[in-house]
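**Q**
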Amino acid sequence: MSRFSEPQHPVFQQLNASIGFDWRLGPYDVDLSRAHAKMLAAQGIIGEDDRDALLRALDAVEGELREGSFPFEPDDEDIHMAIERRITQLAGSVGGKLHTARSRNDQVATDMALFTRAHAQAAQTAIKALMGALVDAAERHLDWKMPGYTHLQRAQPVYLSHHLLAYVWMLARDLEKFAAVERATARLPLGAGALAGVNFDTDRQLVARELGFAGVAENSIDAVSNRDFVLDYLAAAATCGTHLSRLGAEIVLWSSSEFAFAEVSDAWASGSSIMPQKKNPDAAELLRAKAPRIAGHFVALQGVMHALPLTYNKDMQEDKEHLFDAVDTLELCLAAATGMIEGIRFDRERMAEAASDEFPAATDVADLLVRRGLPFRECHGVVAGLVKQAVDSGRTLTQLTLEEIRAQSPLLDEEYYAVLGGDRWLESKDSEGGTSQRRVREQLDRARALLA
5 MSRFSEPQHP
15 VFQQLNASIG
25 FDWRLGPYDV
35 DLSRAHAKML
45 AAQGIIGEDD
55 RDALLRALDA
65 VEGELREGSF
75 PFEPDDEDIH
85 MAIERRITQL
95 AGSVGGKLHT
105 ARSRNDQVAT
115 DMALFTRAHA
125 QAAQTAIKAL
135 MGALVDAAER
145 HLDWKMPGYT
155 HLQRAQPVYL
165 SHHLLAYVWM
175 LARDLEKFAA
185 VERATARLPL
195 GAGALAGVNF
205 DTDRQLVARE
215 LGFAGVAENS
225 IDAVSNRDFV
235 LDYLAAAATC
245 GTHLSRLGAE
255 IVLWSSSEFA
265 FAEVSDAWAS
275 GSSIMPQKKN
285 PDAAELLRAK
295 APRIAGHFVA
305 LQGVMHALPL
315 TYNKDMQEDK
325 EHLFDAVDTL
335 ELCLAAATGM
345 IEGIRFDRER
355 MAEAASDEFP
365 AATDVADLLV
375 RRGLPFRECH
385 GVVAGLVKQA
395 VDSGRTLTQL
405 TLEEIRAQSP
415 LLDEEYYAVL
425 GGDRWLESKD
435 SEGGTSQRRV
445 REQLDRARAL
455 LA
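So this is what it looks like as structure tokens:
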């Protein structure tokens, strides 16, 4: 019997229904309901026979969901009501006892916490796989020279290994963020009821242990209102997506004819519909494009939750599509990035040629003057003069004569030429975290230890 005298408008039914997307919560809802039924029996709220009938029906539903044979019906509003309907079909009237001492409000919050926890763990696994691929690539290219950039202008030479490891440490921060998301899901909402608790002597700690929660939510109002853990996931995913976008953007640049530093494998590229010579790094381009999509989900849910009165409001149904799409997008992008890094081929000769430009090593000349007592700001002016003289005369820095360099500063001598020669530029960057091979090997050891 409903308090409403008129049927719902079909447009409202379509607007109100979430079954089209929240079906993904089905396995978590089964786990939750199984733990709830066991607790109800343990507390004497239902009989053991009722518990067993409910557990058998839940096992059957779990199998149907797994095999794709669950019989959804047109009137199913959401996955929670669909499962309860199916339980009643399988177990008879005892199915109606499953909803004792719970509300859809705390039920949905718990399902979302379980889903978010599972995918925070999945993100960490995928991030570690990408980190491993980057560490492997860094070890394979330990002493391969390349130019480092600021403002997309050649700045200072670095080793390719050092550059790749920069992404490892970005991803290490992402790992920490998703671990924090896991911690944010650690308190069980179930048992809070609609908002004020329930009228039964339930054992929420038992349910928490059964479902792997560290404890229970302290306040029933907060329990059903809380979607912080979803926002935390979206925030972590947005930052991780941004990191992937930077990697993707560099792969796009490196793959271009203008750079020609790298070539993505055929498995991660496509051709042109009209230009047969083209090999497009489409996967890398999509890493760039997917990042703002994830960030958009974060901003959108912040807008939903902003100034929302306590406790549950239907607005909060919007959490699911934002979370689900962000999860799918991030996990897809992490897998694609890992595959690309595993198959990418670098051109050692071309990168070394680009890194052999002497002008990016001008800072080393300034440092030489600093070691000889000249204040750095004066050194900067001296080296700027040398660079201008070389550029204006169409020469490199080492093609300037000893007389010309000493005219800029009498502190300069033949060591000026040694500073600009060979790999000295790279190996001189021996400060902790620098690009010298000794320091890169230290990074590799720390990265391997982190992954282990």
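So the sequence shown is residues 5 to 456, counted in our numbering. Cβ coordinates follow ideal geometry from the N, Cα and C atoms, glycine included. None of the values given here were measured: they were computed from a predicted structure.
Which residues does DSSP list as the beta-bridge partners of S274?
**A** N284.
**Q** Rounded to whole angstroms, what is the Cα-Cα separation between R7 and A57?
**A** Between R7 and A57, the C-alpha separation is close to 31 Å.
**Q** Excluding sequence positions up to five away, which residues of its chain have a Cβ less than 7 Å from the Cβ of T243?
**A** Contacts found: D178, K181.
**Q** Does DSSP put G197 in a helix, in a strand, or in coil?
**A** In the structure shown, G197 sits in coil (DSSP, three-state: anything other than H, G, I, E or B).
**Q** Alpha carbon to alpha carbon, how far is K294 from F302? Give it in angstroms, no decimals.
**A** So the two alpha carbons sit approximately 13 Å from each other.
**Q** Looking only at DSSP bridge pairs, what is K149 linked to?
**A** The partner list for K149 (beta bridge, DSSP) reads Y163.
**Q** Taking the straight line between their C-alpha atoms, what separation do you get for D80 and G67?
**A** Taking the straight line from one Cα to the other gives about 19 Å.
**Q** Can you tell me the Cα-Cα spacing of P280 and A142, whole angstroms?
**A** Residue confidence is low: P280 scores 49 on pLDDT, short of 50, so the model does not pin down where it sits. Its coordinate-derived value is still stated next. Those two C-alpha atoms are separated by around 33 Å.
**Q** Short check: CB of G99 to CB of I87, under 7 Å?
**A** No, the pair does not count as a contact, with Cβ atoms beyond the cut-off.
**Q** Go ahead and label H13 buried or exposed: buried means 16 or more other beta carbons lie within 10 angstroms of its beta carbon, across all protein chains shown.
**A** So H13 ends up on the exposed side.
**Q** Leaving out five residues on either side along the sequence, give the residues of the same chain with a beta carbon under 7 Å from the beta carbon of E408.
**A** Excluding sequence neighbours, E408 sits near Q393.
**Q** Along the chain, where does the alpha helix (DSSP H) that runs through T342 open and close?
**A** Unbroken alpha helix (DSSP H) run through T342: 323–347.
**Q** Name the DSSP bridge partner or partners of V220?
**A** DSSP output for V220 lists L192 as bridge partner(s).
**Q** If you drop the 5 nearest sequence neighbours on each side, which residues of the same chain put their C-beta closer than 7 Å to that of M43?
**A** Same-chain partners within the cutoff: T206, D207, L210, V211.
**Q** Can the beta-carbon of L138 be found less than 7 Å from the beta-carbon of L168?
**A** Yes, they are a contact pair.
**Q** Keeping to the same chain, check which residues put their C-beta closer than 8 Å to that of R450; ignore five residues upstream and five downstream.
**A** Contacts found: none.
**Q** Would you mind sorting L19 into buried or exposed? The rule is 16 or more other CB atoms within 10 Å of its CB.
**A** Exposed, by the Cβ-count rule.
**Q** May I ask you to report which of helix, strand or coil DSSP gives Q18?
**A** Helix at Q18.
**Q** The alpha helix (DSSP H) spanning A370 covers which residue range?
**A** Where A370 is concerned, the enclosing alpha helix (DSSP H) stretches over 366–375.
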